[in-house]
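Residue numbers (the numbering used here), protein chains in the order written: chain Z, -3 to 556; chain W, 169 to 319. The beta-carbon is built from N, C-alpha and C at its ideal position, and this holds for glycine as well. Treat the numbers as computed from the prediction; the structure is a model and nothing was measured. Report on the structure given below.
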Ligand SMILES: Cc1cc2nc3c(=O)[nH]c(=O)nc-3n(C[C@H](O)[C@H](O)[C@H](O)COP(=O)(O)O)c2cc1C
């Protein structure tokens, strides 16, 4: 639908006297004076508003009041404060929505233009007739209109406030995939209908985007009113839906924010509600959360982190630490795992779990991963003998298809023998696009580089994966090794070790901290160990020192 | 296709109507009046049973009509904690004569219902749709035979 330029119409019409009566249009047109009295209007105008030409000379508010009494106050504000814009009227009888465009004031009158509110384009509705309710969403105020309402809002008194209740369905994407698009859009319509049923006539219910709705409340005691509504909605949306012959259960999380003065509003209000909704979803499904200033701070910190992560490589803020790995039988060092650290100015040193996921989301991981490969190879090439270096590879690095080239280049640049490089990948990698991944793994192996399976036991691993590629090593996750041992963790460790023996794959236990753990694992046939008992991660310049003192230590102390 | 298919819904919910028995009677009278009118329009038949704590209701009709009606019922503040016991396609209606039959507190069936609830220790998960269905059907048919159905 074309946007309607009421001012343009005004220019055309004012030249031709005030007679709109004969203007044949599906749009309703009316001219009103300063007092909002209808000077002239076409038939469509009265027709759309379920009234008649009897209202000529009367206030336009008396006509709109007929179909949507809740709009009167707001319309009065727009009309008498010389604002322009549009307002959506919702018929109290059939819930149809009409959009009233109000032109700027041009003495001595202004033009009103009335049309059916645009259908929201973001959704398509299955076959359109499943339950006769499939157009509820399109009758809601859309995001643009919502933003317009918020930015036009002015408190009518000192205790007036505007509350935004932002409702997001939990796990809707998954529901969508499970029940199909048509059913999912029916579900959205049922949700919309429930929102309409519980909202007050003075509330505005809007379809925001995707699985998100907004209810605007004006003139209520806040925060109590919005809190009560949120509680009611959380409960109501938890109740089952009947879709396609089945019972469907979902839940909704809610973010809340209020504005008390005009300065608060504009884009801020929805942003605040979004932040609060985000936080609510983080806390628990089916919960609600009021916006708080510290959320803003939290998000701000997050944004700062993003910005500084993007330039960390350039500023050379990354560093590799190396954690030793030892053979359990010979008790000799076999190599080191390279662990990335980010030395953030002022904030201090961060370990990978606090920024790698972010780097993956930001798409920075490719560059960071490449840097880690080059650096690890270069630094390891200075180590004596056959000591290996293990480098972690993110699943994302398999996505752009040049991982093999990068590895080749890192080996060439450093002169490190391929046998001394081992890559560590996680099970999660093998879930997506397994064929393409395995193909690259074979190409890596063809270079002479070995590949270990990291964090074994924590993911969705299928034993099948172990069969699909000749991994050099299985790394048993530290959560099964470290801390308190349960029967279950012991059984799992034993199972993995025997699996390794059966498949002739080396097993390495991570997180080995004590002699007991070391002895237990060794007695059960585990081949290698990594953890504080062997040694903490050390910076590159201390590796050589560690190697020397380790030989000394292991012969004299704990390990012998 | 699905929308024309005949379905039966059976659910339980907790009564949220407070006040003395007059109030409760009046509210239930309202519910029945509107139900009978709207259900007749929508081709829905069924039965509603009430005792102090709970409602049990059976709705039969076209899939989409049950959907619409149930969505309205769901939003009604006069009850809460709606638990669906059964929702499935059926061959024939079992309550074809009733746009909404009612079995009240004083009725034998409701007392039996109360007993069943006690037996299941008010654990709704242990009540099956089948139990409710046979209870309501047998009592309504018996009442019809006696011609003493006090609806
Ligand atoms: C336990 C219970 C059962 C109800 N059963 C029906 C019913 O079978 N059909 C119906 O139209 N309304 C039924 N209602 C009433 C609806 O909740 C609702 O008030 C009515 O359909 C009018 O809808 P409206 O207020 O959205 O216009 C029932 C209400 C309750 C509390």
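- Z/391 is the residue among Z/217, Z/544 and Z/391 whose C-alpha sits nearest the C-alpha of residue 430 of chain Z.
- Pairing residue 214 of chain W with residue 174 of chain W gives a Cβ-Cβ distance that is not under 9 angstroms.
- Of the candidates W/223, W/263 and W/217, W/263 places its Cα closest to the Cα of residue 208 of chain W.
- In the three-state reduction of the DSSP assignment, residue 243 of chain Z falls in the strand class, which pools E and B.
- Listed in chain order, the beta strand (DSSP E) runs fully inside the stretch 335 to 375 of chain Z are 344 to 346, counting runs of at least 3 residues.
- In chain order, 250 place their CB closer than 7 angstroms to the CB of residue 242 of chain W, counting only its own chain and leaving out the 5 sequence neighbours on each side.
- Counting only the Cα atoms, residue 481 of chain Z lies some 29 angstroms from residue 352 of chain Z.
- The Cβ of residue 133 of chain Z sits no closer than 9 angstroms to any Cβ of chain W.
- DSSP places residue 286 of chain Z in the uninterrupted beta strand (DSSP E) bounded by 284 to 286.
- Taking the Cβ of residue 235 of chain W as the reference point, every heavy atom of ligand 1 lies at 8 angstroms or farther away.
- Of the heavy atoms belonging to ligand 1, at least one sits nearer than 8 angstroms to the Cβ of residue 214 of chain W.
- Contact between the stretch 390 to 409 of chain Z and the stretch 364 to 376 of chain Z is present, with at least three C-beta pairs closer than 8 angstroms.
- When rounded, the separation of the alpha-carbon atoms in residue 30 of chain Z and residue 40 of chain Z is 22 angstroms.
- Counting only Cβ-Cβ distances below 7 angstroms, residue 184 of chain W has no contacts in chain Z at all, with the closest Cβ about 12 angstroms away.
- Of all residues in the stretch 156 to 186 of chain Z, only 186 place a beta-carbon less than 7 angstroms from a beta-carbon of chain W.
- The continuous alpha helix (DSSP H) containing residue 194 of chain W extends over residues 189 to 210.
- Here the stretch 163 to 173 of chain Z lies against the stretch 191 to 210 of chain Z, with 3 or more beta-carbon pairs under 8 angstroms apart.
- Taking the C-beta atoms as reference points, residue 490 of chain Z is found no nearer than 9 angstroms to residue 524 of chain Z.
- Remark: the shortest separation between the CB of residue 241 of chain W and any heavy atom of ligand 1 falls under 8 angstroms.
- Each residue's CA atom was taken as its position, placing residue 226 of chain W and residue 296 of chain W some 12 angstroms apart.
- The beta strand (DSSP E) runs lying completely inside the stretch 120 to 185 of chain Z and spanning 3 residues or more are 158 to 165, given in chain order.
- 231, 232, 234, 235, 236, 238, 239, 242, 243 and 250: these are the residues of the stretch 231 to 250 of chain W whose beta carbon lies less than 7 angstroms from some beta carbon of chain Z, given in chain order.
- Around residue 240 of chain Z, the same chain offers 175 and 179 as residues with beta carbons nearer than 7 angstroms, after the five sequence neighbours per side are excluded.
- In this structure, DSSP gives residue 516 of chain Z a helical state, which the three-state scheme calls helix.
- Judged by DSSP secondary structure, residue 215 of chain Z falls outside any alpha helix (DSSP H); it is assigned neither H nor E.
- Residues 317 of the same chain have their beta carbon placed closer than 6 angstroms to that of residue 535 of chain Z, with the five preceding and five following residues left out of the count.
- The beta-bridge partner set that DSSP reports for residue 183 of chain W consists of W/247.
- Counting the other Cβ atoms within 10 Å of the Cβ of residue 214 of chain Z gives 16 or more, which makes it buried.
- Inside the stretch 368 to 439 of chain Z, DSSP marks whole beta strand (DSSP E) runs of 3 or more residues at positions 384 to 388 and 417 to 422, from first to last along the chain.
- A buried status is given to residue 449 of chain Z, since no fewer than 16 other beta-carbon atoms sit within 10 Å of its beta-carbon.
- Look at residue 529 of chain Z here: in three-state DSSP terms it is coil, with no helix or strand label.
- CA-to-CA, the gap between residue 395 of chain Z and residue 435 of chain Z works out to about 12 angstroms.
- Cα atoms of residue 355 of chain Z and residue 192 of chain Z: separation of roughly 42 angstroms, rounded to the nearest angstrom.
- Annotation for residue 74 of chain Z: no beta strand (DSSP E) segment contains it, though the alpha helix (DSSP H) segment containing it runs 68 to 76.
- Here residue 320 of chain Z is buried: its Cβ has 16 or more other Cβ atoms, across all protein chains shown, within 10 Å.
- In the structure shown, residue 277 of chain Z adopts helical secondary structure according to DSSP, grouped into three states.
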